[in-house]
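Reading through the structure tokens given below for one structure.
Protein chains in written order, with our numbering: chain H, 591 to 740; chain W, -2 to 102; chain R, 36 to 286.
Following this line, the structure appears as structure tokens:
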């Protein structure tokens, strides 16, 4: 439970006023995310494509951002998507979620809601059963609500 | 723990059905400070699995970047009448589950 | 600085007429509207589900459940939240829905009081309010409520806090405008208790009032205080005719 604001915390909130809208998301990929990404890929080549990542372009609050991801694949025993990892650039941890599929999934698609600590790029990397890696990236502008508690 | 689950009750053989679940959970990140200025201990659901007829068909490894009261949607291919079991574990180590029967025919 | 700019640019805004009123729902992005509309996606429905269970649970020394007195909520509670706050004869004052649930506990169930922002109270209030989904707000016509509504209007129009702003300065004069990136809503309480993404949980209207007052750097009144009840009465009359939508989702 969030504590009720006292006058002091209320003032701190107003003074902090994290309401600035960042018009251009960070383009440089921070090192921590790069390290997490490399750990997932094992340093192998990643090709852009086959992955569709849907995140709204602009959200009113970063606490619950809808995310949908799907990967083109027949999802048969011979050819399927094993795993899709979602990464972010600016949260305290680069990992968001890892979806593990099987041929019995029928479709390599999943959705959830994620937290984003500010406007940034979100990355999805899919690892296929043949070991190949595919990716998609999208940027999100996160705005903050007015008159909020901490 | 309250959870809301949406799985079709029936499906045709080979049909791909969508599974949705909304779980009541604070998903405390471990990065937030409480009123006393100390870090609130991390408490998130970190593992989620879906078994169909006892076989794992989908799994998610979850990090603190998943929103409070997590929502998950995914698919499975209906092949036979069997139990769909949704299992998840949070930092307390306790495993929670919801079960539904999917009738295929 | 942003606030001053917002105030200056809003000089052309006028008070919305009944036909022009817009709820916060209508001002949200399609993504957030979808989150609210789909019961499987609206996190507030978790509280509604808990409230449904509590409705049938015996409580207190009397061992009575809500259902023991009121029967099925689908019938007995339909439209109730759309006409609250209402007059309470015994206390000689109006009570809001959370207050009424509290009085039921102490008077009829002989149970201990729940904090107004506690999970079970929010769950029961969400469950009861859900029974009014789609019902137009219809303020109680009891004339004893009128002086309270007048007080609420005065509070709404009184400048407060270190920023010296009245509710009306934002929610009448600049509704639809922006406070930095956030859209300023018209402040129609159609969906409480509501799931605010900023809270990451359900909360009541009085908690929201507290956020607003903190925003203008005023010392908030207490939840359940006569001031907030009066303000709620005024806001509900101002929102008359708009449809109830609890549990709403808001940023």
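Backbone N, C-alpha and C define an ideal beta-carbon position, used for all residues, glycine too. For clarity, every value in this text was computed on a predicted model and none was experimentally measured.
Exercise for review: With DSSP collapsed to three states, give me the class of residue 118 of chain R.
Suggested key: Here residue 118 of chain R refers to the residue found at position 83 of the third chain. Residue 118 of chain R: coil per DSSP, three-state reduction.
**Study point:** Classification of residue 49 of chain R by the beta-carbon crowding that lies within 10 angstroms, buried from 16 upward
**Key:** The residue labelled residue 49 of chain R in the question sits at position 14 within the third chain. With a pLDDT of 43 at residue 49 of chain R, under the threshold of 50, the modelled position of this residue cannot be trusted, and the question is left open.
Practice item. Consider the Cβ of residue 54 of chain W: report whether some Cβ of chain H lies at a distance smaller than 9 Å. Key: In the second chain, residue 54 of chain W corresponds to position 57, counting from 1. Yes, its Cβ sits closer than 9 Å to a Cβ of chain H.
Review point. Among residues of its own chain, excluding the 5 on either side of residue 188 of chain R, which ones have a beta-carbon nearer than 6 Å to its beta-carbon?
Key: Indexing the third chain from 1 puts residue 188 of chain R at position 153. 269.
Check your understanding: Comparing the C-beta of residue 648 of chain H with each C-beta of chain R, is any distance below 9 Å?
Key -> One-based indexing of the first chain puts residue 648 of chain H at position 58. Taking Cβ atoms only, chain R reaches closer than 9 Å to residue 648 of chain H, which makes this a yes.
Check your understanding: In chain order, what residues of the region 78 to 101 of chain R put their CB closer than 7 Å to some CB of chain W?
Key -> 78, 80, 81, 84 and 85
Review point. When DSSP labels each residue in this structure, what does residue 76 of chain W get in the three-state scheme?
Key: Counting from 1 along the second chain, the entry for residue 76 of chain W is found at position 79. Of the three classes helix, strand and coil, the one that applies to residue 76 of chain W here is coil, per DSSP.
**Study point:** Residues near residue 140 of chain R by beta carbon distance below 8 Å, same chain, minus five either side
**Key:** The residue you call residue 140 of chain R lines up with position 105 of the third chain. 94, 95, 146, 147, 148 and 149, listed in sequence order.
**Study point:** Extent of the continuous alpha helix (DSSP H) run through residue 269 of chain R
**Key:** What you label residue 269 of chain R is simply residue 234 of the third chain in a count that begins at 1. Note, residue 269 of chain R: alpha helix (DSSP H), 261 to 273.
Practice item. Would you list the one or two residues that DSSP bridges to residue 4 of chain W? Key: As a first step, residue 4 of chain W is located in the second chain; it is residue number 7 there, counting from the start. Its beta-bridge partners do not exist; DSSP assigns none.
Practice item. List the whole-angstrom C-beta distance separating residue 157 of chain R from residue 228 of chain R, where the pair is believed to meet the contact cut-off of C-beta under 8 Å. Key: Here residue 157 of chain R is taken as the residue at index 122 of the third chain, counted from 1. Here residue 228 of chain R is taken as the residue at index 193 of the third chain, counted from 1. The Cβ separation is near 5 Å, so the contact holds.
Exercise for review: Report the residue from H:639, H:667 and H:686 whose alpha carbon sits nearest the alpha carbon of residue 657 of chain H.
Suggested key: For the purposes of this step, residue 657 of chain H is taken as the residue at position 67 of the first chain. Cα-wise, what sits closest to residue 657 of chain H is H:686.
Review point. Looking only at its own chain, which residues have a Cβ that is under 6 Å from the Cβ of residue 102 of chain W, when we skip the five neighbours before and after it?
Key: Working through the second chain from its first residue, we reach residue 102 of chain W at position 105. If we look at residue 102 of chain W and ignore the five residues flanking it on each side, it has no Cβ neighbours.
Check your understanding: Rounded to a whole number of angstroms, what is the C-alpha to C-alpha distance between residue 629 of chain H and residue 721 of chain H?
Key -> As a working mapping, residue 629 of chain H is identified with position 39 in the first chain. As a working mapping, residue 721 of chain H is identified with position 131 in the first chain. Going by the C-alpha atoms only, they are around 14 Å apart.
Check your understanding: Using a Cβ-Cβ distance under 9 Å, would residue 96 of chain W count as near chain H?
Key -> Against the second chain, residue 96 of chain W aligns to sequence position 99. For residue 96 of chain W, the answer is no, since every Cβ of chain H falls outside 9 Å of its Cβ.
Review point. Taking all protein chains shown into account, do 16 or more other C-beta atoms lie within 10 angstroms of the C-beta of residue 644 of chain H, making it buried, or fewer, making it exposed?
Key: Position 54 of the first chain, counted from the first residue, corresponds to residue 644 of chain H. When all chains shown are included, residue 644 of chain H counts as exposed.
Point to revise | Within-9 Å CB hit, residue 682 of chain H to chain R | key: Here residue 682 of chain H is taken as the residue at index 92 of the first chain, counted from 1. Not one chain R Cβ lies under 9 Å of residue 682 of chain H.
Point to revise | Distance cut-off 8 Å: residue 215 of chain R Cβ against heavy atoms of the ligand GDP | key: Absence of the ligand GDP from the depicted structure is noted, as is the absence of any ligand whatsoever, leaving it without description.
Check your understanding: Do residue 7 of chain R and residue 223 of chain R have their C-beta atoms within less than 9 Å of each other?
Key -> Beyond the ends of chain R as shown, which are 36 and 286, falls residue 7 of chain R; an answer cannot be given.
Review point. Unbroken beta strand (DSSP E) runs of length 3 or more, entirely within the region 100 to 153 of chain R: which are they?
Key: 121 to 123 and 128 to 130
**Study point:** DSSP-derived helix/strand/coil call for residue 612 of chain H
**Key:** Indexing the first chain from 1 puts residue 612 of chain H at position 22. Low local confidence applies: a pLDDT of 37 at residue 612 of chain H is under 50, so the model's placement there is unreliable, and no value is given.
Check your understanding: Okay, do the region 232 to 248 of chain R and the region 162 to 170 of chain R touch, 3+ Cβ pairs below 8 Å being the bar?
Key -> no
Check your understanding: Where do the ends of the alpha helix (DSSP H) carrying residue 71 of chain R lie?
Key -> Along the third chain, one-based indexing puts residue 71 of chain R at 36. Start and end: 65 to 72.
Practice item. Please report how far the alpha carbon of residue 38 of chain R lies from the alpha carbon of residue 186 of chain R, in whole angstroms. Key: Working through the third chain from its first residue, we reach residue 38 of chain R at position 3. Working through the third chain from its first residue, we reach residue 186 of chain R at position 151. With a pLDDT of 45 at residue 38 of chain R, under the threshold of 50, the predicted position of this residue should be treated as unreliable, though the coordinate-derived value follows. If you take the alpha carbons of residue 38 of chain R and residue 186 of chain R, they lie about 27 Å apart.
**Study point:** CB contact below 9 Å: residue 71 of chain W versus chain R
**Key:** By one-based count along the second chain, residue 71 of chain W stands at place 74. No, because no Cβ of chain R sits closer than 9 Å to the Cβ of residue 71 of chain W.
Exercise for review: For residue 615 of chain H, decide whether its Cβ has a neighbour in chain W, counting only Cβ atoms nearer than 9 Å.
Suggested key: What you label residue 615 of chain H is simply residue 25 of the first chain in a count that begins at 1. Low confidence applies to residue 615 of chain H: its pLDDT is 37, below 50, so where it sits in the model is not reliable enough to give any reading.
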